[in-house]
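FYI, numbering that gives the first Met the number 0 numbers position 50 of the sequence shown as 49, with every residue one higher than the one before it.
The C-beta atom is built at its ideal place from N, Cα and C for all residues, glycine as well.
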Amino acid sequence: MAEALAAATAGQYEAALNIWEPLARAGNARAQNNIGACFVDGLGVDQDLDLARRWLELAAEGGDPVGRRNLATLYFKGQGVEQDYARAADLYRAAAEDGDAPAQDMLSWMLLEGEVMPPDATEAGRWAMAAAEQGVGSSMTRLGMIAHNALGTDRDPVEAARWWRKGAEAGDADGQAMLGAAYHLGAGVPHDKIAAFAWLLRARAGHSALADRFFEAVRGTLTPEEAAAAQRRAAIPLGELP
């Protein structure tokens, strides 16, 4: 498996598939998932969503959390299967309970949005926390939204900004947008228009639609010198921020 992973990481998907196939046919659930994922995206093989589903079903039945999450995505999007949000939710939950961070993040989003399953802000927060503890930036940002909007908890601007900072520093563009807005409004953090614009610049570069709500308003408050300072700050790699 390590040899196959190294080949796939190097873009040598055909070589990886040659290793995974006998393992998958022998019942290795992670190898089954990997083959299914290749058929989903056409990596080393022609895209074939029906074969993808078959391999991912085997992986899910074999207990692989990544296989369950990938199969859930097919059902959520209706890719190669009839769209089935309930089936997707069940699979995401099973993967989340097995510790899969992206599944925890997705389940948290579904529970908070309440569009495809009954909303439950408390449960959404629990799964977002689980994913955040594994480094998922979007879940960190969601925890900030939960605190900001008082969803199942008291409103706490300081806690919201703390989580937005964590999400922002983890590279989540929406977290960067919301942290920029917090600095602009002085909500949970001191008002700082240079910091606000620097985070909004990062968010816009990351294609966050949330940044558009505040971008021009913040830019309009800056002198040319302040805007240049914000641009310099935005150019600093996230790992090197003071």
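- When Cβ pairs closer than 8 Å are counted between the two stretches, the stretch 162 to 173 is seen to touch the stretch 141 to 149, the count reaching three or more.
- Of the candidates R67, L73 and Y84, the residue whose Cα lies closest to the Cα of D97 is R67.
- Taking each of A28, A227, A176 and A127 in turn and checking the Cα distance to A204, the smallest one comes out for A176.
- Residue burial annotation: K192 is buried, with at least 16 other C-beta atoms found within 10 angstroms of its C-beta.
- Under the DSSP assignment, D89 falls in the alpha helix (DSSP H) whose first and last residues are Y84 to E96.
- If you ignore the 5 residues before and after G166, its C-beta comes within less than 6 Å of the C-beta of G136, M139, T140 and G174, all in its own chain and listed in chain order.
- Straight-line spacing of the CA atoms in L110 and A93 works out to 15 Å.
- Within the stretch 14 to 100, complete alpha helix (DSSP H) segments of at least 4 residues are found at 28 to 40, 48 to 60, 64 to 76 and 84 to 96, given in chain order.
- Under the three-state reduction of DSSP, M144 is assigned to helix.
- Closest option to A130, judged by alpha-carbon separation, among R24, A208, A102 and G10: A102.
- I235 sits in coil when the DSSP states are folded into three classes, being neither helix nor strand.
- V115: not part of any alpha helix (DSSP H); DSSP gives it neither H nor E.
- Per DSSP, reduced to three states, the secondary structure at T8 is helical.
- In the DSSP assignment, F196 falls within the unbroken alpha helix (DSSP H) covering K192 to A204.
- With fewer than 16 other Cβ atoms from the protein chains shown falling within 10 Å of its own Cβ, I235 counts as exposed.
- Counting the other CB atoms within 10 Å of its CB gives H183 a total of 16 or more, which places it among the buried residues.
- For Q175, the enclosing alpha helix (DSSP H) stretches over residues A172 to L184.
- Pairing A3 with L48, the inter-Cα distance amounts to about 22 Å.
- Collapsing the DSSP output to three states places D155 in coil.
- In this structure, the straight-line span from the alpha carbon of P118 to that of L150 is close to 11 Å.
- The Cβ atoms of V39 and L16 lie no closer than 8 Å to each other.
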